[in-house]
Amino acid sequence: MATSETGIIVAPAPWMLKGRVWVFALSGLSQTSSFPAGFAAEHEAEVLTTGGEFIGGPGLVQIVSYSESPVGPYDELIYVPGRWKYKDGTVAHRITRIYVSTQESTENGRRNWNIPKQVADFSITTASNGSTTIIVANPGSSTPFFHVTTTPVPVLSYIPIPFNTRMLGRHSMIVQPPLPAGVRAEEVSTTQWAGLLPLMKGTMRLTSVKPELDGKVGDGEGYPAVVPWSVGGYMGDVILDFGVPELSDDR
-12 MATSETGIIV APAPWMLKGR VWVFALSGLS QTSSFPAGFA AEHEAEVLTT GGEFIGGPGL
48 VQIVSYSESP VGPYDELIYV PGRWKYKDGT VAHRITRIYV STQESTENGR RNWNIPKQVA
108 DFSITTASNG STTIIVANPG SSTPFFHVTT TPVPVLSYIP IPFNTRMLGR HSMIVQPPLP
168 AGVRAEEVST TQWAGLLPLM KGTMRLTSVK PELDGKVGDG EGYPAVVPWS VGGYMGDVIL
228 DFGVPELSDD R
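Next up, the structure:
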């Protein structure tokens, strides 16, 4: 299999993945709101707010632990502040902060879809009572920039809720601007805009959400110091399809 100039395996789109997902909703930002501190890496903040018009709407915190992918198992933490509207009428989400646990996922995610991935250390542990603690830190650091605990909701967590993003139509669309190179070799740059309608399906169950960093999930530097809704979703059997993106020179 081919490797890039950094020595990392090249895994072009499309990707089919399997894993488990935690999804936490955030109250929406208004069109005139400032983005929270830590919403993007400092060197990418300008490009990740440029192009289109930010129209706000609910944000999203998402953690995925992939058991299968074209680049092997890895973990992932995402922040989405809301949606943007473009001159062609497209309305889409934009990922502005994302960490993964491997260099392979970082380089290929940036190259394939302009996803601004960076490497971080993950700890995902589940206790005997069913609660799961998720901690994310910079490589080699013992101080987390993200920390949350989820716990099954009595009775409600036992009710399976079929979930499929096809039900949302184009509401789950993502459009990402081209990226500058980062400080690490796998943080490659890109030159065109990328649009994608990812597909996700599984069985969702409700879970309570407890932020563990002074009442927030993030520290306001490595990740936004935001407070998700108190009840989120968990899918232990999710299948994801990240297809070939639609590339363009402008949005």
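Residue 152 in the numbering used here is what sits at position 165 of the sequence shown, and the numbering runs on without skipping anything.
Don't be surprised by glycine CBs; every beta carbon is placed ideally from N, CA and C.
**Message:** On the CB-based measure, 16 or more other CB atoms within 10 Å of its CB, does HIS154 come out buried or exposed?
**Reply:** It is worth fixing the name first, because residue 154 is Met in this sequence and not His. Under this definition MET154 is an exposed residue.
**Request:** May I have the straight-line CA-CA distance separating ALA254 from PRO57, to the nearest angstrom?
**Result:** Residue 254 lies beyond the residue range present for the chain, which begins at -12 and ends at 238; the question has no answer from this structure.
**Request:** Would you identify the three-state DSSP class for MET(-12), choosing helix, strand or coil?
**Result:** coil
**Request:** Output the boundary residues of the alpha helix (DSSP H) element that contains GLU247.
**Result:** One cannot answer for residue 247 here, as it falls past the ends of the chain, which runs -12 to 238.
**Prompt:** Closest to LEU67 by CA distance: which of GLY76, THR36, THR93, LEU193 is it?
**Reply:** With the sequence shown as reference, residue 67 is identified as Val, and Leu is not the correct amino acid for it. The candidate whose alpha carbon is nearest that of VAL67 is THR36.
**Prompt:** Taking DSSP as the reference, what is the three-state secondary structure of TYR210?
**Reply:** coil
**Message:** Going by DSSP in three states, SER241 sits in which element: helix, strand or coil?
**Reply:** Residue numbering for the chain in the displayed model covers -12 to 238; residue 241 lies beyond these limits and cannot be assessed.
**Message:** Using the three-state DSSP reduction, which class does TYR73 fall into: helix, strand or coil?
**Reply:** coil
**Prompt:** In chain order, what residues of the same chain lie with their CB nearer than 7 Å to the CB of TRP2, ignoring the 5 residues before and after it?
**Reply:** SER56, PRO57, PHE229
**Item:** Residues bridged to ALA79 [DSSP beta-bridge criterion]
**Value:** TRP71
**Prompt:** Do ILE65 and GLN49 have their CB atoms nearer than 8 Å?
**Reply:** yes
**Asked** So, TYR61 versus THR137, is the Cβ gap smaller than 8 Å?
**Response** no
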